[in-house]
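Chemist: Residue numbers (the numbering used here): 4 to 216.
We put the CB at the ideal spot given by N, CA and C, even for glycine.
Predicted model only: the values in this text are computed from it and were never measured.
Sharing a structure below in C-alpha cells format, with a few things to ask.
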Amino acid sequence: MAHKITDLEKNLSGITKDNYVDLPITSIVESEHAAWGGNKETNASVYPRLQAYWSYTIPNWKDWTPSSVPWSAAYISWILRNQQFPKDASHAAYSEKIIKSDGGWDAFSIPKTKDLKLQIGNVLVRPRSASYTASHGDVVYKFEDGYALLSGGNVSDTAKIARRIKVDDNNYVIDEINDYQIILKKKSSGMSMSLIPILAFLVGTGVFVAMRK
4 MAHKITDLEK NLSGITKDNY VDLPITSIVE SEHAAWGGNK ETNASVYPRL
54 QAYWSYTIPN WKDWTPSSVP WSAAYISWIL RNQQFPKDAS HAAYSEKIIK
104 SDGGWDAFSI PKTKDLKLQI GNVLVRPRSA SYTASHGDVV YKFEDGYALL
154 SGGNVSDTAK IARRIKVDDN NYVIDEINDY QIILKKKSSG MSMSLIPILA
204 FLVGTGVFVA MRK
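Quick look at the structure:
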C-alpha cells in the first residue's frame with residue numbers, strides 16, 4: 004500500500020556527512036513530560052499545554068478539541084519552535100516542507116543510511132496505516148545509559164518517552180528501527196564553535212578588521 008512517507012523517502016539519499024549538532028531541547032522536553040505527568044489529553048489539567056501547541060502551530064484556530072484532532076505534529080512543532088523548524092499539524096507535511104525548501108533543516112532516508120548517528124533534536128518520522136498521509140514523528144531529546152530517548156506527543160493520548168533506541172558510544176544506532184523512514188536534522192550554523200574565541204581575539208586586536216580591508 005502506497006504511503007506519503009515512503010513516497011517521500013524514495014527520493015531521499017542516506018546521510019553521508021556528519022556536520023550536524025545537538026540542539027538545546029532536553030530541558031524543554033523534560034518540562035513538557037513533567038507538565039503532562041502521565042495525564043491523558045482529556046484531563047483538564049493539560050488543556051493549557053494543548054492550547055499552547057495549537058496556538059503556535061495554527062494561530063487563531065479554534066476548532067481543535069483535546070481528543071478529536073491528532074496533536075502529535077503540533078507537539079513536535081512546539082518543542083522545536085526556536086529551531087527554524089517548519090511548524091505544521093502533519094508530520095508528512097513538515098517533512099515535505101523541509102525536503103522542498105532550502106531552509107535550516109535537511110531530510111534523509113533512514114533505510115539508505117548505513118551508519119545512522121542520532122543527535123538531540125533529530126526528528127524520526129514513520130508512516131501509519133490509517134491513511135495515505137497518516138504519520139508520526141518523535142524527537143530525540145536525551146542520551147541515557149546507552150539509549151537515545153525519543154519524545155512524542157499523542158502517544159497513548161499523552162506526551163512521554165515514545166521510544167528508547169539503543170546506540171553505541173558515539174550515538175550510532177545499533178537497534179532495528181525499520182518502522183522509521185525519514186530523519187530530519189537541523190543544519191549547522193557553518194561556523195565552528197572553536198573559531199569564535201579566535202575571531203573575538205582578532206577583532207579585539209584589530210587584525211580581523213585589517214584582514215577584511
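1. Please tell me whether ASP25 and ILE180 are closer than 8 Å, where the distance is taken between their beta carbons.
2. Which first and last residues belong to the alpha helix (DSSP H) in which PRO51 is found?
3. Who pairs with PHE146 in a beta bridge, going by DSSP?
4. Assign ASN14 to one of three DSSP states: helix, strand, or coil.
5. Are the segment 19–34 and the segment 81–88 in contact at 8 Å, needing three or more beta carbon pairs?
6. Spatial neighbours of ASP171 within its chain, please: CB distance less than 7 Å, with the 5 preceding and 5 following residues excluded, ordered by chain position.
7. Given a cut-off of 8 Å, decide if ILE18 and PHE146 are closer than it, judged by their beta-carbon atoms.
8. Return the residue from the list LYS117, GLY155, ASP105, ALA151 that minimises the CA-CA distance to ARG129.
9. What is the DSSP secondary structure of HIS139, counted as helix, strand or coil?
10. By the three-class DSSP mapping on this structure, what secondary structure does ILE186 have?
Modeler: From the atom records:
1. Not in contact: ASP25 and ILE180 (Cβ atoms no closer than 8 Å).
2. 50–60
3. ALA151
4. coil
5. yes
6. ILE177
7. no
8. GLY155
9. strand
10. strand
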